[in-house]
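Visitor: Sharing a structure below in structure tokens format, with a few things to ask.
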Amino acid sequence: MKAWFRQHLAAFSRAVRRLAAAPLNTLLSLLVIGIAMTLPAAGYVFLDNIHALGADRANVQQISLFMEIGASTREVAAVRKRAEALIPGQWRFVPRDDALRQLKNTEGMAEIIAALPKNPLPDAFILEPADSSAENLERLYEQFVTFPGIAHAQLDSAWIKRFNAFLRLGIQTVNLLALVFAVGLVAVTFNTIRLQVMAQAEEIEVARLIGATDAFVRRPFYYSGILQGALGGLAAIFFLLTGLAVLNPSVTQLASLYGSDFTLHPPGFVYSSLLVILGAFLGWLGAQLSVSLALRHMK
Amino acid sequence: MIVANHLTKRYLGGFEAIRDVSFEINAGAMALLRGHSGAGKTTLLKLMGAIERPTSGILTIGGQNLLTLRKKALPFLRRNIGLVFQDQKLLFDRPALENVLLPLEVIGLPLREAQRRARAALDKVGLLSRERAYPIALSGGEQQRLAIARAVVNRPSILLVDEPTANLDDESARQVLDLFAAFNQVGVTVIISTHAPHKIPGRDLRILTLDHGQLLL
């Protein structure tokens, strides 16, 4: 066990020495790997943030019923009665005057409202059923949409479906992007390791002649690939955090214009660790393919 | 003990570098492989060093038949055989000590112990004071001795040497041959391939003469 550990440690130090021996090449490789990982990683972080934003809003599953402007008291009472019968205590009535008052309190709207000759808002009912399943909401929606006096019924969960569909499309796109860049990363590592093997050809030949096993020859190159991938992953995290730090003030400012306190959250520890592990794995894969091919040629 | 029985090595294209060769070399013996250039000496050394596989026949080293030995077992057999190549195969990008350390790295010896043994090997060939010198800074004779130090640092039971005195002056050649005799005296089987008639010091000297891949009796 000790000898095994010692050999791995020696291979690891040899890999570090090889990377350090060509600092410019190593730096350029790390930059390429880092950038290749940053693009899909940024995509995932962005989608994750958007998903979290959607999830906050998705908790509010409601149906808004807007009465006709001239709806009679009897028609309003009928809706009230129906709502109470179907979902007792899970609805509220928003009189048009209250709605106007709320709108006035919204920043920048007071002057606009004051300029209007009369209240343009209708009375409204907000239905918030305890059973907020899509089926129940759809059923309730169908029962009110054609009700007398109701001008417009809005199923507020519909946008969530559209939002989720867009999110799915986004994830698929980023997945494809990640796949392309993963292949790119393997190719970059493959080439770097191939050059290293070529540069070490003499040493490999001698080592084999004096009894080095294939594992002994391969090990430093595997570590080299793993190191490059992992360091590339760290570079990607650095680029990502820098990008978020640059973008966040603008995003926060934009969100505040829409009355939201939304900010882009940086990737967490688990996500960052996965990125480094994935980089290391892809680096190892590139090294494995490269060393196998190069050694086969050398035989 | 090295035993060859009807040993043949045929390369692609049908050229037979070694043809139906049989011999025995006892453990601890010293043997001289002689013959003109192209006689098959280097090929026979490569076969005995497990660098190449025989095409047919039997070649056993320490009881292990090289024809049937599993590929994965070859590196472990090679660790028991010291090889000194005609072109030395030194690593010119590392100093003398690190060249000698390589076989010990391969077997995973702790660094301190490896350095101690490498220095002892360098001392044995008279190069301890040059441990930090790069091979390019060594003379031909010193390079040859460095290659010997690397070959013996693993304490092999067999030492295979290919044309050790080529490109060396008489004095350097004598020093190198004396070294082989010294290793042989402590029980190492030494097999030297040469086409030049040098006086080889040593006991129980066995001479094998090759001609066009065949052993002359």
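Those protein sequence lines, which keep their order, are chains P and A.
For the first sequence, my numbering assigns the number 1 to the initial residue and increments by one for each residue that follows.
For the second sequence, my numbering assigns the number 1 to the initial residue and increments by one for each residue that follows.
For each residue, glycine too, the CB sits at the ideal point set by N, CA and C.
The model shown is predicted, which means the values in this text are computed figures rather than measured ones.
#1: Where do the ends of the alpha helix (DSSP H) carrying K124/A lie?
#2: Helix, strand or coil for T60/A? Go by DSSP, reduced to three states.
#3: By DSSP, does T194/A sit in helix, in strand, or in coil?
#4: Rounded to the nearest angstrom, how far is the Cβ of G184/P from that of E68/P, given a contact under 8 Å?
#5: Just the C-alpha distance for Y223/P and E203/P, rounded to the nearest angstrom, thanks.
#6: Please report the straight-line C-alpha distance between T173/P and F144/P, rounded to a whole angstrom.
#7: Counting only Cβ pairs nearer than 7 Å, list the residues of chain P close to G108/A.
#8: Take L285/P as the anchor and find which of F163/P, F221/P and V246/P has the nearest alpha-carbon.
#9: When DSSP labels each residue in this structure, what does A165/P get in the three-state scheme?
#10: Entirely within the stretch 30–93 of chain A and at least 3 residues each: give me those beta strand (DSSP E) ranges in chain order.
#11: Could you pull out every residue in the same chain whose Cβ sits closer than 8 Å to the Cβ of Q308/P, ignoring the five residues on either side in sequence?
#12: Are L159/A and A151/A touching if we call contact CB-CB under 8 Å?
#13: Report the neighbours of L234/P on chain A: residues whose CB is nearer than 7 Å to its CB, in chain order.
#14: Closer than 9 Å by beta-carbon distance: list the chain P residues that pair up with E163/A, in chain order.
#15: Measure from the alpha carbon of R53/A to the alpha carbon of each residue in A17/A, I25/A and R34/A, then state which is nearest.
#16: Is the CB of E113/A under 8 Å away from at least one CB in chain P?
#17: Give me, in chain order, the residues of the same chain whose beta-carbon lies closer than 7 Å to that of I193/P; leave out the 5 immediate sequence neighbours on both sides.
#18: For the beta strand (DSSP E) containing L155/P, list its first residue and its last residue.
#19: Can you pull out the residues from the stretch 201–231 of chain P whose beta carbon lies closer than 9 Å to at least one beta carbon of chain A?
#20: Using a C-beta to C-beta distance shorter than 9 Å, which residues of chain A count as neighbours of A301/P?
#21: Determine contact between the stretch 177–190 of chain A and the stretch 17–31 of chain A, defined as no fewer than three beta-carbon pairs at a distance below 8 Å.
#22: Count Cβ pairs between the stretch 120–134 of chain P and the stretch 66–86 of chain P that sit closer than 8 Å; are there 3 or more?
#23: Please work out which residues of its chain come closer than 6 Å, Cβ to Cβ, to V251/P, disregarding the five sequence neighbours upstream and downstream, and give them in chain order.
#24: What is the DSSP secondary structure of H265/P, reduced to helix, strand or coil?
#25: Looking at the secondary structure, which residues open and close the beta strand (DSSP E) in which V94/P lies?
#26: Starting from V153/A, follow the alpha helix (DSSP H) in both directions and report where the run begins and ends.
#27: Using a C-beta to C-beta distance shorter than 9 Å, which residues of chain P count as neighbours of A102/A?
Guide: Answer, in terms of the structure:
#1: L111 to K124
#2: strand
#3: strand
#4: Not confirmed; about 59 Å, so no contact.
#5: 17 Å
#6: 39 Å
#7: By Cβ distance, chain P contributes A3, R6 and Q7.
#8: It is F221/P.
#9: helix
#10: Taking only runs of at least 3 residues, the beta strand (DSSP E) segments lying wholly in the stretch 30–93 of chain A are 30–34, 56–61 and 81–84.
#11: Only positions 1 to 299 of chain P appear in the structure, and residue 308/P is not among them; the question remains open.
#12: yes
#13: None at all; the shortest Cβ gap to chain A is about 29 Å.
#14: Within chain P, no residue comes near E163/A; the closest Cβ sits about 16 Å away, beyond 9 Å.
#15: Selection A17/A, I25/A and R34/A evaluated against R53/A yields A17/A as nearest (Cα-Cα).
#16: no
#17: F221, S224, G225, G286, A287, S290 and V291
#18: That run of the beta strand (DSSP E) goes I150 to L155.
#19: E202, E203, E205, V206, A207, R208, L209, I210, G211, A212, T213, D214 and F216
#20: Missing from the structure shown is residue 301/P; chain P here goes from 1 to 299 and no further.
#21: yes
#22: yes
#23: L264
#24: DSSP, read as helix, strand or coil, puts H265/P in coil.
#25: That run of the beta strand (DSSP E) goes W91 to V94.
#26: It is not in any alpha helix (DSSP H) - V153/A carries neither H nor E in the DSSP assignment.
#27: For the sequence presented, residue 102/A should be read as Leu rather than Ala. Chain P residues near L102/A: E203, V206, A207, I210 and A212.
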